[in-house]
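One structure is given here, and the rest of the page talks about it.
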Amino acid sequence: MESDKSLDEKTQRVKSLLASYYSLDEGGVGSGGVGSSHDTPGTGRGVENLDREGFDCQRYFDRLLETNRLDELLTREIKLQSEVKQCDGELQSLVYENYSKFIAATDTIRSMRTKVDGMESKMALVKDKIGRIAEKNAVVDGKMEQRRARFDELNTVRNVMSKLNEVFDLPDKCRLSMERGALEVAVRYIASSKPFLEIHGSGENAALARVKAKLEACQLDLVASLKEKLRTDPDNNVEVINFLRQLGETVTELEDTFLSSSGAQLREMLQRATAAFEDGGCMGDLCGDEVGRAKVDEALAGIEDELVPCVLKLQSQYRGMFLSDENGAALGEGAGKFHATVESVLASAVAAAKKFVLTHPVKTLVAPSVLLEVLGKVSATFGRVEERFSSFEDVWAGFAQCMECSVRNFVGAKFLGLEGELRGLSSGEGAEARDSVAESVSAATEAICGCFDSFLHEMREMQKDGGSLIDPWKESFVGLVEEGCHQTLAAMQDALKGLLGQPGEVSLFYSRLCGGYADVVVPSVARSIGNLFVRQASRDGREDALAGCFSDLGNQHLANYVAFKGRGLSQLIRVSMLEKINWMTYEHETGEVYPVFRKICEDLVTIESQVSAVISENGRTFSSPSHAGHQRNASTSRVERNVDRLFAEKIEIFGKVEATQRGVLSGITKIAIKSLIECIRLSSLNAKAHDLIGGSSLPYLRRELRDRIVGVDSTVEFLLDEAGQALQDRSVAA
510 MESDKSLDEK
520 TQRVKSLLAS
530 YYSLDEGGVG
540 SGGVGSSHDT
550 PGTGRGVENL
560 DREGFDCQRY
570 FDRLLETNRL
580 DELLTREIKL
590 QSEVKQCDGE
600 LQSLVYENYS
610 KFIAATDTIR
620 SMRTKVDGME
630 SKMALVKDKI
640 GRIAEKNAVV
650 DGKMEQRRAR
660 FDELNTVRNV
670 MSKLNEVFDL
680 PDKCRLSMER
690 GALEVAVRYI
700 ASSKPFLEIH
710 GSGENAALAR
720 VKAKLEACQL
730 DLVASLKEKL
740 RTDPDNNVEV
750 INFLRQLGET
760 VTELEDTFLS
770 SSGAQLREML
780 QRATAAFEDG
790 GCMGDLCGDE
800 VGRAKVDEAL
810 AGIEDELVPC
820 VLKLQSQYRG
830 MFLSDENGAA
840 LGEGAGKFHA
850 TVESVLASAV
860 AAAKKFVLTH
870 PVKTLVAPSV
880 LLEVLGKVSA
890 TFGRVEERFS
900 SFEDVWAGFA
910 QCMECSVRNF
920 VGAKFLGLEG
930 ELRGLSSGEG
940 AEARDSVAES
950 VSAATEAICG
960 CFDSFLHEMR
970 EMQKDGGSLI
980 DPWKESFVGL
990 VEEGCHQTLA
1000 AMQDALKGLL
1010 GQPGEVSLFY
1020 SRLCGGYADV
1030 VVPSVARSIG
1040 NLFVRQASRD
1050 GREDALAGCF
1060 SDLGNQHLAN
1070 YVAFKGRGLS
1080 QLIRVSMLEK
1090 INWMTYEHET
1100 GEVYPVFRKI
1110 CEDLVTIESQ
1120 VSAVISENGR
1130 TFSSPSHAGH
1140 QRNASTSRVE
1150 RNVDRLFAEK
1160 IEIFGKVEAT
1170 QRGVLSGITK
1180 IAIKSLIECI
1190 RLSSLNAKAH
1200 DLIGGSSLPY
1210 LRRELRDRIV
1220 GVDSTVEFLL
1230 DEAGQALQDR
1240 SVAA
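In the working numbering, the protein residues as written are 510 to 1243.
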C-alpha cells in the first residue's frame, strides 16, 4: 500500500511538471498540478515542495542533511532518480503523441484539398443549366398569363353564384334545422349570413331583402326556443347562452339566470354532501361506529370529488361566457358575481364542518384515536380545497384554529366526564356495602387515582398521535391537561365542601376521603403529569395549596363528625339527667354507677373502634394533667370561679379538632362532659343524688376516660373537675 501511494505521488508530480512545461492550466494533468490543493507529502508546502516557484535547491539539500539519516538520504536519492526517469519517459510519450497528431492532421488537409479541386468544375456546369431552365420558364409563363386571368375571373363568378344560392336557401335550411332540433346548425346559419345581409339586404336588391326578412323571423323563433330550453334544461345552459350570444342577444338577464341556476345546483350538491354532518349533529353521535365514520368519509368525498369539480367547472364556464368577449379579451363588468356565489357555498361547507367537529357532548364522546382520525381527514380535505380556492381568505380564516378548538373542546369534555366519574366515586355511594369506613375510603381513593392515571395516559397517547393537529401547540396541550386536572380537583373540592353537615359516619367518610385527596390523589396526579408530559414551566406550588385545601376541608368534615356524635351524647345526657328523673326526690341506694355514665363510656368505646380504623395517632402527645380544682384559692367565691372557668374553657373546648384518634375522641368527650355540666347546673340534687353522681358515677367516668378512651387529657380532666364543682354547687346537702 505504501509503495503504491509513493508511486502515485511521483506520477502526480511528474505530470504536474510536464503540464507546467507545456503551459497547460493547473487542472490539466491529473489532480496533482503545481500549486494544487491536493499536494502530497512530496509536493507539499514549504522548502520541501520541489515544484513550487523559486525552489531553492541548496536550501532543500541542506534541510535533507539536517533532518534525515544516511539511509533515508540514500532512499531519497533513489526515489529522485526514479522520478527523473519517469519524467523523461512521460516527456518522450507526450512528444510522440503530439507528432502523431500532427502527421494525421497533415494527411487530412491533403485529402480535403484533392476533393475540393474536382467540385469547382461541376458547380459551374450546374449553374449554366439552371440559367437555361429559368429562361424557358419565363417564356411559358408569358404565354399562360391571359388564360390564367380569365380562369380566376370565372372562378370568382362561380363562387359568388354558389354563395348566393346558399343565401337564398338559408331560410328553408334554418327552418328545417329548427324542426329537427339541430339548433346549433340553425344558429350557425343565421350568425354566418348576418354580416352579408346587413350590407346587401337593403336598398334596391329586393331578393336579398326578402331573404333577410325571412332569416329575421327565423331568428325570433330560434331565440324563443333557446330561452325555453334555458328554463327547462339548466344542465346545458352554457351551450344555450353561447348560442344566444352568437345571435346578438344581451346577456345581463342570461347572466343572472346562470348565476341563479348555478347557485341552486351547488347548494343542492352541498346539502347532499353535508347531510351526514347535519343528521349526525356532532362527531360523538356519528363517529361512534364504522358505519358513522364511513358516512363522514362519504361526506368529505362528496365535497372534494363532486362539489369542488362542479364549482371549478361552472367558474370556468362563467369566465368564458361572461368575463370575456368573443375574441377572449377580459371584461370587467360583473366579474364578482360568481365569486360571491362560490364564496357563499364554500362558507356553508366550512360552517357545516366546523359545527360538526366543535361539538363534543360528554355522553357520546368518541375515542381519542377516532377524534384524531376524523379531524385529520377533515383538515386534509379542506386543506386541499383551500389550495384550489386560496383567494377566498375570509372563508378559510380560522379554519386551522377550529381544528385546535375541536381538540381543546374534546379534552374539556373528557375532563367533564372525568369529573362526573369522580363525583360518583366521591359521593359515598356503596360505602354501606363495605365492612368499614376505612375500606370505603381506601377503595374510593384507589379508584380515583386509577381514573386519573387512565385519563392522563389517554391524553399522553393523544398528544403522541396528534401529529400536525397537536404538534404546533403541544406545549399548550400539556398546559391544558395540567390546568384541567387542577380545575377538576378544585371542582371536587367544591363538591365535597357542599356536602358539609352530613350525619355521623358519612362525615367521617368525607373527612377521610378529603385526606385521601390531599395525601394520595393530588401528589399522584402531579407525579403522573410530570412523568408523562415534559412540562416547560416549573411548578407554581398550586398542588401544595390544593392539597392543603383538601386537608382543611377534611378537618371541617371531621369537626362535623365530632359535633354530630357530641350532640348525640348530649341528647342522651339531657334526657337521662333532666327529663327522666327528679334529683331532689331521688331515693335509691347509692354506690352504683348511674346508667347514663356507663352508656356514655360504651358509646365512646364504639366511636373509638370506628375512628381507630380510619385515623391513626401519628405520634399524638398529650400534656400532663393539671388539676386546676386542687389549686383554687379557698377565698374565691363559687360564682367567680364558675365565671372564670366559663370564659377560660371556651377556646379549648370548641377549638380546632385534630385529625387523630384521641383528638376526635377528646372533642366528642368534651362536648358530652360540657352537656353533663350544664345539666348538673340546671338541676338541684339531694344527698343521695349527690352521692350517686359524685361518689360513684363521676369517678367511674374519669377512670374509664383516662384508662380506655382518651388517656390523660388536661382539658377533659378540667371539665370533670368542673362537673364535680357544679355538683357541689347544686347539691342541697352541701
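Note that beta-carbon positions come from the ideal geometry of N, C-alpha and C, so glycine has one too.
What you are looking at is a predicted structure, and each value in this text was computed from that prediction instead of being measured.
Beta-ladder partner(s) of residue 1240, from DSSP: 1194
Just verifying my parser: in three-state terms, what is the DSSP assignment at residue 1231? helix
What residue does the alpha helix (DSSP H) around residue 979 start on, and which one ends it? Neither: residue 979 is in no alpha helix (DSSP H) and is coded neither H nor E.
Contacts around residue 836, its chain only, beta-carbon distance under 7 Å, and the 5 residues preceding and following it disregarded: The predicted position of residue 836 is uncertain, since its pLDDT is 47 and thus under 50; a value taken from the coordinates is nonetheless stated next. Result list for residue 836: empty, nothing under 7 Å.
Mark residue 653 as exposed unless 16 or more other C-beta atoms lie within 10 angstroms of its C-beta, in which case mark it buried. exposed
Is residue 1116 helix, strand or coil when you go by DSSP? helix
Within its chain, find whatever has a CB closer than 7 Å to the CB of residue 1006; leave out the 5 residues flanking it on each side and keep chain order. 1062
Where do the N-terminal and C-terminal ends of the alpha helix (DSSP H) with residue 872 fall, by residue? Note, residue 872: premise wrong, no alpha helix (DSSP H); not H, not E.
Cβ neighbour criterion (16 or more within 10 Å) applied to residue 609: exposed
Residue 1103: which of 1116, 1089, 1115 and 776 sits nearest, CA to CA? 1089
Could you tell me the alpha carbon to alpha carbon distance between residue 878 and residue 921, rounded to whole angstroms? 16 Å
Where do the ends of the alpha helix (DSSP H) carrying residue 966 lie? 946-974
Runs of alpha helix (DSSP H) wholly within the segment 977-1063 (minimum 4 residues, chain order): 983-1006, 1013-1025 and 1031-1041
Terminal residues of the alpha helix (DSSP H) in which residue 923 lies: 908-935
Roughly how many angstroms separate the alpha carbons of residue 976 and residue 777, rounded to a whole number? 35 Å
Sequence-distant residues of its chain with Cβ nearer than 8 Å to residue 816 (five each side left out): 775, 778, 779, 782, 854 and 858
Short Cβ contact (9 Å threshold) for residue 865 with residue 819: no
Report all residues from its chain with a CB closer than 6 Å to the CB of residue 979; omit the five preceding and five following residues, and keep chain order. 972 and 986
Taking residue 575 as part of the alpha helix (DSSP H), name the residues at either end of that continuous run. 566-576
Given a cut-off of 9 Å, decide if residue 1086 and residue 1185 are closer than it, judged by their beta-carbon atoms. yes
Locate the alpha helix (DSSP H) running through residue 1215, then write down its first and last residues. Residue 1215 -> no alpha helix (DSSP H), and no H or E assigned at all.
Pick out whichever of 918, 768 and 720 has its Cα sitting closest to the Cα of residue 881. 918
Would you report the Cα separation of residue 991 and residue 1228, rounded to the nearest angstrom? 50 Å
What first and last residue would you give for the alpha helix (DSSP H) that runs through residue 827? 817-831
Checking 9 Å against the spacing of the C-beta atoms, do residue 1013 and residue 1070 come in under that value? yes
Between residue 1174 and the rest of its own chain, which residues show a CB-CB distance below 7 Å, the 5 nearest in sequence each way excluded? 1113, 1116, 1117, 1120, 1218 and 1219
Distance between residue 1001 and residue 995 (C-alpha atoms, nearest Å): 10 Å
Are there three or more Cβ pairs, one per stretch, closer than 8 Å when the segment 661-680 is compared with the segment 690-709? yes
Look up residue 690 in the DSSP assignment and say whether it is helix, strand or coil. coil
Let me know if residue 591 comes out buried or exposed under the rule of 16 or more other beta-carbons within 10 Å of its beta-carbon. exposed
Where does residue 559 sit, in a helix, a strand or coil, going by DSSP? coil
Here's the rule I'm using: 16 or more other beta-carbon atoms within 10 Å means buried, otherwise exposed. How should residue 1239 be labelled? buried
Measuring straight from C-alpha to C-alpha, what distance separates residue 1188 and residue 1101? 20 Å
Quick one, which of 1195, 767 and 807 has its alpha-carbon nearest residue 784's? 807
Where do the ends of the alpha helix (DSSP H) carrying residue 773 lie? 761-782
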